[in-house]
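Following: one structure in structure tokens, then a few remarks.
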Amino acid sequence: MKSSMVTTVYNGKLPSLLLADPNGVFTWCPHLNLIFVSMNKTSIWCYRINGERIYSINNKSFIKNIAFHNQFFCLSGVDNLIKIYNSNNGQLVKVLDELFENVKFIWWNATEYILPTSILPKAYNLVNDLNYLVINDDKCLTFNFNQLLTVKYACEISLQQQLNSDLVNQIYLADNSLVAIKFNVVSKELYTQQIIKVCQLISLIEYTDQHIKELQDTVAPLVQALDRYMSNLNSECEDMTVYLTDLLLTNVVPEFSKDFWLNQYGERGFKKMTKLASVYEQASRVVFQHLVSSMERIIVVSCDLIGISKWQHGMLSVDELQMLLANAKDQLKFYYRFIWDLQSERESFNEFLSWTKTIIDMLNDQEYEIGYSTTNVLTFATSTIRQCAIMKYFDFDTEVLASSEKTLMRSAISLDLSRISNYHSSVITVEKISSLHIPETATSLKLTRWDDEIIITYIQDSNLVLANLHTIITTVPHVLAFEHREGDLVALTETGSLLIINSSSCIPIPLPQTTFTPTQLKLNSSYGVLLDSSRQNYLIFRI
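For the sequence shown, the UniProt record's numbering assigns the number 1 to the initial residue and increments by one for each residue that follows.
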């Protein structure tokens, strides 16, 4: 075999600081081909393959496991938290809201399941496929679907490696035994559709809650500014309602209030309030674009789940889903009422601002135009200003503005996930398939499938042993390290060569020239890396 089959991509050296943790994490992000190295056991440093560090993450506790899926990765540490990050920039995406005890194993799997293409308009970034994260601690097996839905199955088992990732028929290596974890469902198709749709509901509810909070932050500056100005004016007069009514009808500004109109409010205050008045339109747009569309999609998904639950025993009851559907319809009406109230008040508020501008111009002896209806301004100044629509839907700490009729803007949609957990407790089973007879001195135990046969591989006394469930197939001497690929494995030998081994052949390939003695080997789907014993010098290659 020609040596040109191995192509050197980069020959580099990582910082000597990494020597502080020579046995820590060194792995790949297979989606982006990034190198992840643990530093001082509590941090992860991320490098490009050319050795350029692009970001670092401080986990604030010893890192035990790392798992990847597409552009995300998750960490588990001695703090027993599962943290999910974006591989592109290292930003924290989510911390799973679950309690774990001594997390021992995590693994992230993609699946082949995807919902049929919908004819409905696309709703932001709504999940349409299915992936699952397996978490094993001292007491439970936990499955997290699409970073959204988490279910637990109580059992004491110590997973070490996943062999078969099919969702409903998973196979693991656990305590030198093969263990099958099965989801005993009647229809895989209907089950996975339910899981994806429940994840959609959870995602839509989270999306709604997020935008309601952002909506309150959007309207807060207008409420605070208006309340401050009206509070200042109220402190100048005995009764603000009587004062504004007299001022509107007579166009005579009392002497005691001229300072407010010229200095405290003035041109600057008018311009500020005019700018903030756009909040009425912004808030209505946010509600229509994000909240209304999300609620419409919740209604559609709920109807789909009702249909599945009527067809067969679903993970959510029909009654619960129908209640969710009714709440979603009421919430949709609520959002449209909010839009109507704000649009109705916006015109009178703008007319009120126009009136305040005429007062300022009049006091400054400037020409002014009357661009308001006296009736509308009178109504706003005497009643609406104290009972404005925004105060009806949001709760702020104010001095003048208030609302006696409170219908706060909050989501009335919730999903009881306990029934889903109970459902999974009834369909998940853990079964020991067979015991593996592995020598106590064996290291680097790994399992794979070749031609639908389970292959067991490990190193014993510098020999790579390949076996099936019944007997040893062959032994390869002088092997330092090995990694599996799809359908074969690559082994690093003490003689300085690579071996590509599959079910029918063993092909030696000379190593590319290195400036160090390689002792460790890592692979992903595209590249391989050779490391020295300190994991400081490395060489990236492509086979």
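Using N, Cα and C, we set each Cβ at its ideal position, and we do this for glycine too.
Since the structure is predicted, the reported quantities are computational estimates derived from the model, not experimental observations.
Between the Cα of residue i and the Cα atoms of the options, which residue gives the shortest distance?
i    : options                : result
H313 : E399, T218, I420, I212 : I420
N524 : Q536, L96, H484        : H484
Y153 : S373, L167, I135       : I135
N58  : L115, L75, K406, T374  : L75
C237 : R228, P254, V223       : P254
D137 : E101, S344, H437, L489 : E101
E405 : D397, I212, C303, Q387 : Q387
P518 : I501, L480, D488, L14  : L480
W108 : K275, I84, N33         : I84
M315 : D259, A402, S425       : S425
S302 : N364, I205, Q520       : I205
N80  : F105, Q91, F68, G90    : F105
S354 : S444, D217, Y368       : Y368
S444 : H437, Y229, Y458       : Y458
E332 : V287, S434, M273       : The residue you asked about is not Glu; residue 332 is Leu in the sequence shown. That would be V287, whose Cα lies nearest to the Cα of L332.
N146 : I114, T42, T274        : I114
K271 : L291, K357, M230, S344 : K357
L262 : A442, T8, N364, V25    : N364
I413 : R297, A110, S43        : R297
V9   : Q520, Q536, S534, T514 : T514
Kindly indicate the opening and closing residues of the beta strand (DSSP E) around residue i.
i    : result
V430 : 428-435
A67  : 63-69
I44  : 43-47
V279 : From DSSP, V279 is part of no beta strand (DSSP E) but of the alpha helix (DSSP H) over 279-286.
A402 : Careful: A402 lies outside any beta strand (DSSP E) and carries neither H nor E.
I106 : 105-114
N463 : 463-467
V476 : 472-476
V95  : 92-95
V9   : 7-13
I385 : Note, I385: premise wrong, no beta strand (DSSP E); not H, not E.
Grouping DSSP H, G and I as helix and E and B as strand, with all else coil, what is residue i?
i    : result
S309 : helix
V25  : coil
H211 : helix
P508 : strand
L498 : strand
D129 : strand
Q170 : strand
Q147 : coil
S525 : coil
A180 : strand
P234 : At residue 234 the sequence reads Asn, which differs from the Pro that was named. DSSP places N234 in helix when its eight states are reduced to three.
S56  : strand
A154 : strand
C199 : helix
E206 : helix
Q366 : coil
A491 : strand
I459 : strand
T142 : strand
H31  : coil
I438 : coil
Assuming residue i contacts residue j under a Cβ cut-off of 8 Å, what Cβ separation, rounded to an integer in Å, is found between them?
i    : j    : result
V198 : L149 : 6 Å
L130 : I196 : 5 Å
S325 : I359 : As written in the sequence, residue 325 is Leu, which differs from the Ser given in the question. That belief does not hold up - the Cβ atoms of L325 and I359 are roughly 52 Å apart, past 8 Å.
P439 : S462 : Not really, about 13 Å apart at Cβ, beyond 8 Å.
D227 : L401 : 5 Å
F380 : S348 : 4 Å
Y335 : M295 : 7 Å
Compute the distance between the beta-carbons of residue i and residue j, then report whether it is under 8 Å.
i    : j    : result
D416 : E320 : yes
N65  : V93  : no
S61  : G77  : yes
V465 : I472 : yes
E281 : R346 : yes
E431 : A180 : yes
S526 : P508 : no
Q161 : K446 : yes
L178 : L436 : yes
L99  : Y132 : no
A283 : L233 : no
V6   : I543 : yes
G51  : G12  : yes
Taking the alpha helix (DSSP H) that residue i falls in, what are its first and last residues?
i    : result
Q160 : Segment 159-164 is the beta strand (DSSP E) holding Q160; no alpha helix (DSSP H) there.
D341 : 318-363
L276 : 266-276
Y538 : No alpha helix (DSSP H) contains Y538, which is instead part of the beta strand (DSSP E) from 537-542.
T374 : 374-382
T519 : Here T519 belongs to no alpha helix (DSSP H), and DSSP marks it neither H nor E.
A412 : First-last for A412: undefined, no H or E at that position.
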